[in-house]
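For what it's worth, the working numbering labels the leading residue of the sequence shown as 7, then goes sequentially. Backbone N, C-alpha and C fix where the C-beta goes; we use that ideal spot for every residue, glycine too. Since the model is a prediction, treat every value here as computed from it, not as a measurement.
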Amino acid sequence: MKDIELPRKVLVGDGALEKVCELVSELNLYGNSLVIADKNTAQIAGKRVGEELGSVSHVIEGLMDEEIQKIIDLIKKEEINYVAGVGGGTVIDITKVSAFHSGKPFISIPTAASHDGITSPQASLKGKQPVSMKVHSALGIIADTEIMRKAPPRLTASGCADAISNYSAVLDWKLAHEEKDEYYGDYAATLSMMSAQIVMYNAENIMDEVNILVEALISSGVAMGIAGSSRPCSGSEHQFSHALDMICPKPALHGEQCGVGAIMMTYLHGKDWEKLRDSLKKVKAPTNSQGLNIGEEHIIEALTMAHKIRDRYTILRGGLSEKEAIEVAQATEVLG
Ligand SMILES: [Zn+2]
7 MKDIELPRKV LVGDGALEKV CELVSELNLY GNSLVIADKN TAQIAGKRVG
57 EELGSVSHVI EGLMDEEIQK IIDLIKKEEI NYVAGVGGGT VIDITKVSAF
107 HSGKPFISIP TAASHDGITS PQASLKGKQP VSMKVHSALG IIADTEIMRK
157 APPRLTASGC ADAISNYSAV LDWKLAHEEK DEYYGDYAAT LSMMSAQIVM
207 YNAENIMDEV NILVEALISS GVAMGIAGSS RPCSGSEHQF SHALDMICPK
257 PALHGEQCGV GAIMMTYLHG KDWEKLRDSL KKVKAPTNSQ GLNIGEEHII
307 EALTMAHKIR DRYTILRGGL SEKEAIEVAQ ATEVLG
């Protein structure tokens, strides 16, 4: 049986935030609400949402695990009926997980187009051992492009790279289907691939046309909802990124790492990695270790351990040796 979860209503456009009350009533959400933001996103939009909805507010300050527990307690204490997450990836992830554990619906209000987690039914929890967990999809999404356009360009570029990295994720999924007879959904795979291609095709002007990127990221989230897992948008390039998160003292942004990973994994698949790399360059996302500000030794270590991150069959198969890792990183100019 397939279990497909999708958002029910998505508002994208300049000034979309003004419609927050309408969205809430259309979704039949009522009673006490809780708005979650961090210090910065509270100023950008969180306070406004809280005032409009008359919500209890919570500002994230500490570690992810602690914040999730605090919010779960708060939801109980204040008899909260629904939750709104206003912010970037971490805020939205904390919102998803707390809402999931409390059995409450939530709406996602991303303030930056930094990765596809803003819309997907998956949450990644950062900690000593990063884990990805399946949660519920947001009931509604408000992507106010006026706000998202003002986000730091590095975040937007990272969102582009995350969408572009769908390319190698889909190649991995297909491979797992061919070699391991894993379930493969043509529709979800095509939708995910299309998100990558649309961003690549519009790479030149996407920093101004943020709505194209937002739609690509939302479609990625929908692809994951249809597949019932992160498979269409997360393959070996994501394993590489998770490995970097574990071993680097100062990792780069999620999308940035996935983009560089996608260059190398696309090379391993024998596909046009140079075209993918050039698209990353056009959106001004990093394409090598220098751009990520991550040392050579960490790139190699991440490549050799990536296959162990989770039980997911990819082009890395049984894993790369150190020699193979150096070869792929040099051939793709990730290492100079
Ligand atoms: Zn991602």
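| Item | Value |
| --- | --- |
| How would you label S31, buried or exposed, when you count the other beta carbons within 10 angstroms and need 16 or more for buried? | exposed |
| Hey, would you say V266 sits closer than 8 Å to V340, going by beta carbons? | yes |
| Run through DSSP, which three-state label would I50 get? | helix |
| Using a 10 Å radius around the Cβ and a threshold of 16 neighbouring Cβ atoms, would you call R323 buried or exposed? | exposed |
| Measure the alpha-carbon distance for S235 versus G241 and round it to whole angstroms. | 11 Å |
| Under 8 Å, do A43 and V18 count as touching if we go by C-beta distance? | no |
| According to the Cβ coordinates, are S39 and A90 closer than 8 Å? | yes |
| For E221, I'd like the list of residues in its chain whose CB is within less than 7 Å of its CB, leaving aside the five on either flank, ordered along the chain. | V18 |
| Roughly how many angstroms lie between the CA atoms of A144 and R14, to the nearest whole one? | 8 Å |
| Shorter than 7 Å, the distance from the beta carbon of H64 to the closest heavy atom of ligand 1, or not? | no |
| Skipping 5 residues on each side, what residues in its chain have a beta carbon closer than 7 Å to that of K281? | none |
| Would you kindly work out how many angstroms separate the C-alpha atoms of L12 and H142, rounded to a whole number? | 9 Å |
| Per DSSP, P116 forms a beta bridge with which residues? | G93 |
| From what residue to what residue does the alpha helix (DSSP H) around A233 run? | V216 to A233 |
| Within a Cβ cutoff of 8 Å, which residues of the same chain sit near V137, ignoring the five residues on either side of it in sequence? | S130 and L131 |
| Work out the CA separation of E333 and S247 for me, nearest whole Å. | 19 Å |
| Verify whether the separation of the beta carbon atoms of G93 and T47 is less than 8 Å. | yes |
| Considering only heavy atoms of ligand 1, does any lie closer than 7 Å to the CB of C239? | yes |
| Determine the contact status of T125 and I147, defining contact as a CB-CB distance below 8 Å. | yes |
| Is D317 near ligand 1, going by C-beta to nearest heavy atom under 7 Å? | no |
| Give a single yes or no on whether H248 has its beta carbon closer than 7 Å to a heavy atom of ligand 1. | no |
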